[in-house]
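Below: the structure, in structure tokens.
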Amino acid sequence: MLGRERLKKVLAIIAEMFPDAKGELEYQTPFQLLVAVILSAQATDKSVNKVTPKLWTKFPAIADLAYADLSEVEDTIRNIGLYKNKAKNIKKTAQIILEQFDGQVPKTHKELESLPGVGRKTANVVLAEIYKIPAIAVDTHVSRISKRLNISKPDASVEEIEADLMKKIPKKDWIVTHHRLIFFGRYHCLAKNPKCEACPVQTYCKYYKDTYGKK
Numbered sequence: 001m002l003g004r005e006r007l008k009k010v011l012a013i014i015a016e017m018f019p020d021a022k023g024e025l026e027y028q029t030p031f032q033l034l035v036a037v038i039l040s041a042q043a044t045d046k047s048v049n050k051v052t053p054k055l056w057t058k059f060p061a062i063a064d065l066a067y068a069d070l071s072e073v074e075d076t077i078r079n080i081g082l083y084k085n086k087a088k089n090i091k092k093t094a095q096i097i098l099e100q101f102d103g104q105v106p107k108t109h110k111e112l113e114s115l116p117g118v119g120r121k122t123a124n125v126v127l128a129e130i131y132k133i134p135a136i137a138v139d140t141h142v143s144r145i146s147k148r149l150n151i152s153k154p155d156a157s158v159e160e161i162e163a164d165l166m167k168k169i170p171k172k173d174w175i176v177t178h179h180r181l182i183f184f185g186r187y188h189c190l191a192k193n194p195k196c197e198a199c200p201v202q203t204y205c206k207y208y209k210d211t212y213g214k215k
């Protein structure tokens with residue numbers, strides 16, 4: 001397994017590659033970010049950013065979404081995967097936030113995860129982005145990178161990967177590291193055709209050694 005010191009060197013290289021890494025979902029309020037993250041499940045940030053401007057034009061306030069006609073919400077986000085279920089979730093989430101949280105996006109894992117469509121990853125993104133509470137959200141990119149670099153076991157669960165990263169990375173670096181790992185996975189260490197032969201972390205990478213070491 002990749003230990004703390006070697007991981008520190010890898011993360012320093014990735015930091016040089018993506019010094020300005022940040023969340024790419026577009027939003028203006030905490031609630032808008034929460035909804036955008038719910039919509040981003042099994043969808044790209046780009047596709048979410050295409051539908052959210054229309055969503056907020058039609059439903060500018062939390063109450064507008066909470067009391068909206070469900071079919072109208074569905075129609076607005078129709079280009080997003082799983083749009084029917086997501087429409088139901090964001091409408092219900094708006095209602096709960098109005099009725100139970102005084103219109104404020106909650107700031108604990110327990111409260112956030114009580115909302116429809118909000119799991120651990122979504123809660124982590126909201127806590128880190130809105131409230132600057134240190135967290136590492138494990139999406140498909142972070143999961144892939146963690147396994148390829150041998151930070152976590154090949155069969156590690158999302159929860160195990162999160163625990164591995166939190167254990168090996170200083171807490172003050174969790175948020176920025178999360179963004180950099182996503183950029184590294186999104187733009188360099190791709191799921192298909194990763195840029196291995198031009199990768200500056202080759203010497204630390206189990207995936208590279210397993211794939212190219214025998215050639």
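Heads up, the sequence shown stops at 215 in the UniProt record's numbering, and the numbers go up one at a time, no gaps.
Ideal Cβ placement from N, Cα and C applies to all residues, glycine included.
Please report the straight-line C-alpha distance between residue i and residue j, rounded to a whole angstrom.
i           : j    : result
D155        : K209 : 18 Å
H179        : Y83  : 26 Å
A66         : I97  : 9 Å
L115        : Q100 : 11 Å
residue 240 : P60  : The requested residue 240 does not occur in the structure, where the chain is confined to residues 1 to 215.
V158        : S143 : 7 Å
residue 241 : P200 : There is simply no residue 241 to check, as the chain begins at 1 and stops at 215 in what is shown.
D75         : K132 : 33 Å
P134        : L127 : 7 Å
A198        : Y204 : 14 Å
I161        : T93  : 28 Å
R4          : S40  : 31 Å
F18         : D45  : 18 Å
S71         : W56  : 16 Å
Assign residue i to one of three DSSP states: helix, strand, or coil.
i    : result
I161 : helix
M166 : helix
F184 : helix
M17  : helix
A128 : helix
R120 : helix
R78  : coil
E24  : coil
S40  : coil
For residue i, which residues from the same chain have a beta carbon less than 6 Å from its beta carbon, with the 5 sequence-adjacent residues on both sides left out?
i    : result
P30  : V105 and I130
M1   : N150
E113 : A123
V73  : A87 and K91
To which residues of the same chain is residue i closer than 7 Å at the C-beta, ignoring the five residues directly before and after it?
i    : result
Y212 : C196
I145 : L181, F184, G185 and C189
With 9 Å set as the bound, which would you pick, yes or no: does the beta-carbon of residue i sit closer than that to a beta-carbon of chain B?
i    : result
K107 : As a matter of chain content, chain B is missing from the structure shown, which is built from one protein chain.
Quick one: what's got a C-beta closer than 8 Å to residue i's C-beta in the same chain, skipping five residues either side?
i   : result
K50 : N79
Which whole-angstrom value describes the C-beta separation of residue i and residue j, a residue pair presumed to lie in contact below a C-beta threshold of 8 Å?
i    : j   : result
G117 : I38 : 4 Å
T140 : L11 : Incorrect: roughly 19 Å between the Cβ atoms, too far for contact.
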